[in-house]
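**Student:** The structure is given below, and queries will be raised subsequently.
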Amino acid sequence: MLMIPVRTLPAILVLVSLTFSLLAGCEKPPAPSPQTPANGGGATPEVQEPAEPAAQSPETKTPEEMPAEPATTETHEPAETHETASGDPPPLPARELFEGWEKPRLALFLTGEQHGYIEPCGCTGLENQKGGLNRRFSFLKQLRQDKGWDVVALDAGNQVRRFGRQAEIKFQTTANAIKQMDYEAITFGPDDLRLSVDEVFVAVADEDPEKTRFMAANASLLGVTPRYRIIERDGLKIGVTGVFGDSRREEVANDEVEFQPAVEGLEAVWPELEAAKCDLYVLLASASLEESREYARKFPGFRLIVTAGGAGEPTLEMEKIEGTESQMVQVGVKGMFAGVVGLFGDHAQELKYQRVPLDARFPDSDEMMTLLASYQQQLEALGWDGLGIKPIEHPTGREFVGSNKCGECHTTAFEIWEKTPHSHATQTLVHPPERFEVARHYDPECIACHVVGWNQSQYVPYKSGYISLEETPLMAGVGCENCHGPGADHVAAEEGELMLSDEKIAELRKAMQLPLESARQTCIQCHDIDNSPNFHNKGAFEEYWKKVEHYGKD
8 MLMIPVRTLP AILVLVSLTF SLLAGCEKPP APSPQTPANG GGATPEVQEP AEPAAQSPET
68 KTPEEMPAEP ATTETHEPAE THETASGDPP PLPARELFEG WEKPRLALFL TGEQHGYIEP
128 CGCTGLENQK GGLNRRFSFL KQLRQDKGWD VVALDAGNQV RRFGRQAEIK FQTTANAIKQ
188 MDYEAITFGP DDLRLSVDEV FVAVADEDPE KTRFMAANAS LLGVTPRYRI IERDGLKIGV
248 TGVFGDSRRE EVANDEVEFQ PAVEGLEAVW PELEAAKCDL YVLLASASLE ESREYARKFP
308 GFRLIVTAGG AGEPTLEMEK IEGTESQMVQ VGVKGMFAGV VGLFGDHAQE LKYQRVPLDA
368 RFPDSDEMMT LLASYQQQLE ALGWDGLGIK PIEHPTGREF VGSNKCGECH TTAFEIWEKT
428 PHSHATQTLV HPPERFEVAR HYDPECIACH VVGWNQSQYV PYKSGYISLE ETPLMAGVGC
488 ENCHGPGADH VAAEEGELML SDEKIAELRK AMQLPLESAR QTCIQCHDID NSPNFHNKGA
548 FEEYWKKVEH YGKD
């Protein structure tokens with residue numbers, strides 16, 4: 008039985024960094040500012056967790072961000088790994104999950120901070136990437152059906168990133184997936200609340216208020232989203248609420264969202280939760296690590312804190328919060344991991360925790376593939392205009408001409424390019440080598456790194472850049488100008504269309520040059536840590552360059 012009290016509040020790379028692994032920017036972290044080219048111009052498998060190398064995260068955890076004490080469960084630190092001569096980590100032995108566990112009375116399935124990564128892009132091969140709705144669905148199905156566990160799924164929020172029509176469609180797709188996975192409670196993250204409130208409300212609301220699973224103690228949509236949920240399973244009663252951290256409030260400039268200070272919202276909700284006499288109280292904290300600890304200290308009745316704070320991979324063990332009986336689980340980033348907390352004992356006195364990477368051993372599901380196909384079909388139907396995408400001026404003011412034009416003079420370099428995966432980069436979206444049922448060349452977040460003439464950090468085309476295979480076929484593929492910048496002025500000068508001095512012609516030639524020592528920074532605009540992790544190994548760029556080495560004009 009579910010009881011949901013609801014309070015209604017007032018209403019590029021090609022000629023320099025060509026590699027033999029085509030890796031593109033399907034879902035990569037947004038750059039802090041727009042960048043220009045560097046020149047200015049089936050059967051469910053047995054559940055096992057592989058021993059993993061250390062996370063490559065944008066931040067390094069301070070000692071206070073690591074678990075203060077081990078949780079009840081014993082988990083295992085991954086074995087240390089070392090790079091091979093090729094720069095790739097060696098194969099690692101798998102380790103069985105839930106080792107030593109009996110069947111729990113109830114299992115909590117914990118996720119969050121998907122941040123728009125509804126599926127791994129597959130640019131380096133899906134077997135090398137974690138996360139995605141497909142794998143999450145399959146793991147949940149395995150726990151519920153194969154293991155026979157009673158599972159309650161909870162999420163700490165932040166389903167999308169950016170804003171605009173594509174983000175709204177992605178949020179709706181995720182909300183549909185969450186419903187199919189039978190999540191019981193989800194809180195809001197700042198990126199979710201930057202979207203149109205009407206769009207979010209349509210995605211999360213239900214005609215029956217008791218079926219509305221998105222909730223928060225101190226953030227309300229149109230005054231009708233729940234502030235908490237009481238979940239009853241197998242004689243256990245779980246009280247869950249979410250909290251939106253005060254530090255994140257400035258990230259949401261949306262007057263349609265009704266906010267309270269975090270502590271004030273929790274003070275209003277806690278007496279009602281306490282009156283329900285639950286066996287376990289869970290707080291889903293869309294907040295920093297320190298805020299999450301603070302809420303646990305102020306409201307020690309929450310024995311489990313699930314936080315969206317932290318950087319990189321979740322910690323291997325739950326953190327015991329000093330001065331309380333509370334323990335905290337981090338959900339990590341980009342939906343790459345799920346946490347499982349087993350509840351043991353008559354009143355869930357004992358908690359055991361296991362971190363699980365959502366990797367390639369979890370197969371695709373027909374249900375999620377259907378949703379992902381529908382998502383891409385909606386993008387195709389809307390087109391760039393319907394998504395609000397308009398071509399912008401290139402910072403240099405120059406225009407693109409396409410690689411074929413470059414090849415009229417740079418014949419040897421062009422022949423090298425034609426033999427590399429970058430020459431057919433666009434086709435890998437039209438006909439993906441994996442998950443081939445779903446084409447992705449109408450997705451701005453994919454196409455930006457698979458064609459000539461797009462801004463890879465803003466996901467918009469430059470004027471004269473790629474529009475479609477029909478309108479701009481010469482801009483297909485990752486071509487010369489992805490690295491060297493727009494070439495129209497250089498071509499016009501060389502062909503005598505512009506009356507220029509020798510000095511000016513030489514200046515235009517120099518503007519098209521990209522020194523090898525600067526090329527790597529251009530490459531990583533698309534070959535980022537998410538989509539091309541091996542590219543960041545020591546010595547990798549030099550090895551890749553050897554395979555595509557070329558210089559200037561014949």
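Under my numbering, the first residue of the sequence shown carries the number 8, and numbering increases by one thereafter. Just so it is clear, CB atoms sit at the ideal spot from N, CA and C, and this is done for glycine as well.
#1: Check whether the stretch 386–400 and the stretch 517–524 are in contact - that is, three or more C-beta pairs closer than 8 Å.
#2: Give the straight-line distance between the Cα atoms of Ser254 and Gly460, rounded to the nearest whole angstrom.
#3: Could you please give the first and the last residue of the uninterrupted alpha helix (DSSP H) stretch that includes Ile238?
#4: Which value, in whole angstroms, describes the spacing of the CA atoms of Pro398 and Ala345?
#5: Less than 8 Å separating the beta-carbons of Cys533 and Cys456?
#6: Determine which residues share a DSSP beta bridge with Val348 and list them.
#7: Can you name, in chain order, every residue of its own chain whose Cβ lies under 6 Å from the Cβ of Glu406, other than the five neighbours on each side?
#8: Would you give the residue range spanned by the beta strand (DSSP E) that Phe266 belongs to?
#9: Taking just the CA atoms, how far does Leu505 sit from Gly171?
#10: Given a cut-off of 8 Å, decide if Ala432 and Val485 are closer than it, judged by their beta-carbon atoms.
#11: How should Arg304 be labelled, buried or exposed, when 16 other C-beta atoms within 10 angstroms of its C-beta is the threshold for buried?
#12: What number of angstroms, rounded off, separates the C-alpha of Arg236 from the C-alpha of Gly342?
#13: Taking all protein chains shown into account, do 16 or more other C-beta atoms lie within 10 angstroms of the C-beta of Glu320, making it buried, or fewer, making it exposed?
#14: Quick check on DSSP: helix, strand or coil for Val211?
#15: Which residues does DSSP pair with Trp391 in a beta bridge?
#16: What residue ranges within the stretch 235–320 form continuous alpha helix (DSSP H) runs of no fewer than 4 residues, ordered along the chain?
#17: Does DSSP put Asp95 in a helix, a strand or coil?
#18: Could you tell me the alpha carbon to alpha carbon distance between Pro233 and Thr314, rounded to whole angstroms?
#19: With distances taken Cα to Cα, identify the nearest neighbour of Lys177 among Glu425, Leu379, Asp537, His438.
#20: Give every residue of the same chain whose Cβ lies closer than 6 Å to the Cβ of Glu550, excluding the five residues on either side of it in the sequence, and list them in chain order.
#21: Could you compute how far the alpha carbon of Gln136 sits from the alpha carbon of Gln361?
#22: Does DSSP put Asp371 in a helix, a strand or coil?
#23: Cys128 CB to nearest chain C CB: under 8 Å?
#24: Would you identify the three-state DSSP class for Ala467, choosing helix, strand or coil?
#25: When you compare each of His448, Gln385, Glu488 to Thr403 by their alpha carbons, which one comes out closest?
#26: How would you call Lys284, buried or exposed, if buried means at least 16 neighbouring beta carbons within 10 angstroms?
#27: Check for me: the alpha helix (DSSP H) holding Ser525 runs from which residue to which?
#28: Going by C-alpha to C-alpha distance, which of Asp198, Gly107, Gly559 sits closest to Gly123?
#29: Comparing C-alpha positions only, which one of Asp153, Lys186, Gln152 sits nearest to Leu161?
**Tutor:** Looking at the atomic coordinates:
#1: These segments do not touch.
#2: As the crow flies, the alpha-carbon of Ser254 is around 38 Å from that of Gly460.
#3: Looking at the DSSP string, Ile238 is not in any alpha helix (DSSP H); the run it does join, the beta strand (DSSP E), is 235–240.
#4: If I take the Cα positions, the gap works out to 39 Å.
#5: Yes.
#6: According to DSSP, Val348 bridges with Leu115, Tyr360.
#7: Cβ within range, chain order: Ser471, Pro493, Ala495.
#8: From DSSP, the beta strand (DSSP E) with Phe266 extends over 264–266.
#9: Near 41 Å, if we compare the C-alpha coordinates of Leu505 and Gly171.
#10: It is a contact, given that the beta carbons lie within the stated cut-off.
#11: When all chains shown are included, Arg304 counts as exposed.
#12: It is roughly 23 Å from the alpha-carbon of Arg236 to the alpha-carbon of Gly342.
#13: It counts as buried.
#14: Here Val211 sits in helix by DSSP.
#15: For Trp391, which the question treats as bridged, DSSP gives no partner whatsoever.
#16: DSSP runs (the alpha helix (DSSP H)) wholly in the stretch 235–320: 269–282, 296–305.
#17: Residue confidence is low: Asp95 scores 41 on pLDDT, short of 50, so the model does not pin down where it sits. No coordinate-derived value is stated.
#18: The alpha-carbon atoms of Pro233 and Thr314 are separated by roughly 19 Å.
#19: Of the candidates Glu425, Leu379, Asp537, His438, the one whose C-alpha sits nearest the C-alpha of Lys177 is Leu379.
#20: Closer than 6 Å at Cβ, skipping near neighbours: no residue.
#21: Each residue's Cα considered, the two are about 20 Å apart.
#22: Correct three-state label for Asp371: coil.
#23: The chain labelled as chain C is not found in the depicted structure, where only one protein chain is given.
#24: In the sequence as displayed, the identity of residue 467 is Val instead of Ala. Val467 falls in the strand class under three-state DSSP.
#25: For the residues His448, Gln385, Glu488, the minimum Cα distance to Thr403 belongs to Glu488.
#26: Its Cβ having fewer than 16 others within 10 Å, Lys284 is exposed.
#27: Taken as a continuous stretch (DSSP letters only), the alpha helix (DSSP H) holding Ser525 covers 523–530.
#28: That would be Asp198, whose Cα lies nearest to the Cα of Gly123.
#29: Selected option, being the one with the closest Cα: Lys186.
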